[in-house]
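Let me begin by presenting the structure, written as structure tokens, before commenting on it.
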Amino acid sequence: MSSLEFLNLETNSFTGPFPLAIFNLSSLMAIFITENHFSGTLPIDLCSHCPHLRILYISFNEFSGKLSSHFNHCTELLELSLSYNKFDGSITKGFESLEKLEVLYLGGNNLTGNIPPIISNLSMLQEFAIENNHIEGSIPSDLGYHQNLNLLFFLQNDLTGKIPQNIFNITSLQTLNLFGNSLSGNLPLGTWLSCSNLERLFLDSNKISGPIPSYLSNCSNLIRVEFSGNLLSGPIPRNMGNLKYLQLLNLGDNQLTDEPRDQEHSFLSSLTSCRVLEALSLWSNPLNIAIPDVIGNFSVSLELFIADHCQIKGQIPMGIGSLKNLNTLLLNGNSLTGTIPSTIGGLESLQRLYLDENKIEGFIPEQLCQIKNLGELSLSNNRISGYIPDCIGNLNLLQRLNLSSNQLSSSIPSNLWSIENLLFLDLSWNSLSGPVSPNLRNVDSKFSWIKGKTNFAHIYCSCHCITYNLCSTSHYAEKRSTIDVTAMKTILSPVLELGLRCSEELPDERLDIKDVVTQINKIKLAILGNRNNGV
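Spelled out as structure tokens, the structure:
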């Protein structure tokens, strides 16, 4: 062992203190012990007996203590990973002698204090990660002079202040992740800034304000841009479409708008030039735009389009049916009008469709039934009329169906009750009529994996929607502000008891549908009796 140069014990189940005698091997050059359960502290001056150590990876263990003078003699060290242990205290001057260091990972510990200036002296540093700690203060502007840096991971700390503008001038930088801090101020607006190699830019969940700078299009190699959860305002630059390698753009939860020009030339239209775009998230911005028909020219690789609560107006364009690989479409909470286009059936990969809380009219198109992978469908709180298509029952993967608060009439398709995977059904506040299927007791097979636990499947068919018309909602709506609490408890108690009797562990112990109707009629009589008493 005296000549050992390379030691790799990664990804095992070793426990207890790591034998410090290992660091007495003068020939040792590389140690890899990540993903174990080693504990204890590191030796002071751990390189005093192994001066040739170049690589030390001890991440994902249970080492603890403060990082002080452990690395004073590690002058040959190139890569140091101490991440995801239990180290605490501040980042000290103990790293200043690591002049050849290229990789420094300190994330996932309990480190506090500021990012020390000595980090700026590590001129060979290429990757620096201190994520998931309690680091405070501002980002040192001197970091911008590191022309070898290609990765900065500062996410999930307590950093404040502005982002130094010269960070965007590090020509070698490929990944900048500042997610989940309290950074504020505007992004640098100078057009002279260069970030030609930047691929991943994560600034989400901060307090950054002001506009998105137009020079961002100069970062021509950007793949992922995350700006959500800030205070950004102003129009979204239309030259974002110049980012030809862009795969993900998340601008959600800001105060962004569109330039007041022709809607057919909006920033959305410009994004059709991003031919590898996979995810576009714009949620909770006052965009006040219409979706252009050219959305059908979006990248064929687009899988996710989230634009809920964006003040989107106008109709859903016919071209949307061309997005063959789209699996999530969220347009809820807008001001969409018109009908659901028949081309919706072209979304053959769609799994989640949310169009609720709009002003959509017309019928539910039968073309929806062509989307065989659909698992969640919400059209609630619109002005949709007509009947529920029988073919809805053919959507075997459907788990969530919400058609509530519309103007639907006719009866509930009988095969809807046969959808094996259905967990949530809300048909309330419509004008549906006809019988409820007597086969409701047979829905238990899909819950066979739940033993001794409450069944959380929900079926909402408010009493005013069904033929039985067991209660008068108009009277309730008029009087609900003055309802007597004691009388209400008298009414609710038997309803809850009935619900429990319908939820017995064994299907044979539950009430069948006829007995349920009998019990509900009794509750109705109780309601009418209380009505005569002023409820």
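When the count follows this note's numbering, it moves up by one through the sequence shown with no breaks and lands on 1705 for the last residue.
Here a beta-carbon is modelled for each residue, glycine too, at the ideal position from N, C-alpha and C.
In this text, all values refer to a predicted model and were calculated from it rather than measured experimentally.
With a beta-carbon spacing of about 13 Å, L1212 and H1243 fall beyond the 8 Å limit used to define contacts. With contacts defined as CB atoms closer than 8 Å, H1304 and T1282 qualify as a contacting pair. DSSP, read as helix, strand or coil, puts F1338 in helix.
The Cβ-Cβ distance between Y1227 and I1203 falls below 8 Å. Looking at the DSSP output, G1307 shares a beta bridge with L1329.
Note on E1269: under 16 other CB atoms within 10 angstroms of its CB, so exposed under the neighbour-count rule. When DSSP assignments are scanned along the region 1352–1407, the uninterrupted stretches of beta strand (DSSP E) that are 3 or more residues long and fall wholly within it turn out to be 1352–1356, 1370–1372, 1377–1380, 1394–1396 and 1401–1405.
In terms of Cα proximity to G1516, the closest of K1494, L1523, N1367 and L1499 is K1494.
Taking the Cβ atoms as the reference, P1511 lies roughly 5 Å from M1488, within the contact range of under 8 Å. In this structure, L1357 and I1333 form a Cβ contact; the two beta carbons are roughly 7 Å apart against a cut-off of 8 Å. Residue environment analysis places D1478 among the buried positions, since at least 16 neighbouring C-beta atoms fall within 10 angstroms of its C-beta. Taken through DSSP and simplified to helix, strand or coil, N1551 comes out as coil. Distance from the Cα of N1255 is smallest, within the candidate group N1206, R1394 and I1406, for N1206. With fewer than 16 other beta carbons inside 10 angstroms of its own, F1184 counts as exposed.
By the CB criterion at 8 Å, L1418 and R1445 fall outside the cutoff. Between N1412 and S1387, the beta carbon gap of about 4 Å places them in contact (Cβ cut-off 8 Å). In this structure, the CA atom of L1319 is about 27 Å from the CA atom of G1399. Secondary structure note for S1439: its alpha helix (DSSP H) is the uninterrupted segment F1437 to S1440.
When DSSP states are grouped into helix, strand and coil, F1176 belongs to the strand group.
Around S1238, the same chain offers T1262 and G1264 as residues with beta carbons nearer than 7 Å, after the five sequence neighbours per side are excluded. In the structure shown, P1664 adopts helical secondary structure according to DSSP, grouped into three states. Scanning N1279, S1308, N1572 and L1295 for the CA closest to the CA of P1286 turns up S1308. Classified as buried, L1506 has 16 or more neighbouring CB atoms from the shown chains inside 10 Å of its CB. Looking at L1368, T1341 and L1373, the one whose alpha-carbon comes closest to that of N1347 is L1373. Setting aside the 5 residues that flank it on each side, N1376 is surrounded in the same chain by N1351, L1353 and N1400, each with a C-beta closer than 6 Å to its C-beta; the list follows chain order.
Rounded to whole angstroms, the gap between the alpha carbons of I1554 and D1685 is 33 Å. Using a 10 angstroms sphere on the CB of F1323, the tally of other CB atoms reaches 16 or more, which defines it as buried.
Boundaries of the beta strand (DSSP E) around E1232: E1232 to K1236. In summary, Y1315 is exposed, with fewer than 16 beta-carbon neighbours lying within 10 Å of its beta-carbon over all protein chains present. The Cβ atoms of S1439 and V1464 lie closer than 8 Å to each other. In this structure, DSSP gives Q1577 an extended state, which the three-state scheme calls strand. By the criterion of a C-beta distance shorter than 7 Å, I1214 is surrounded in its chain by S1239 and H1240, once the five residues flanking it on both sides are discounted. Around the beta carbon of F1176, fewer than 16 other beta carbons sit within 10 angstroms, so the residue counts as exposed.
Contact check for E1473 against L1496 passes: the beta carbons are separated by less than 8 Å.
For T1185, the enclosing beta strand (DSSP E) starts and ends at T1185 to P1187. Taking the Cα positions, I1300 is about 48 Å away from T1513.
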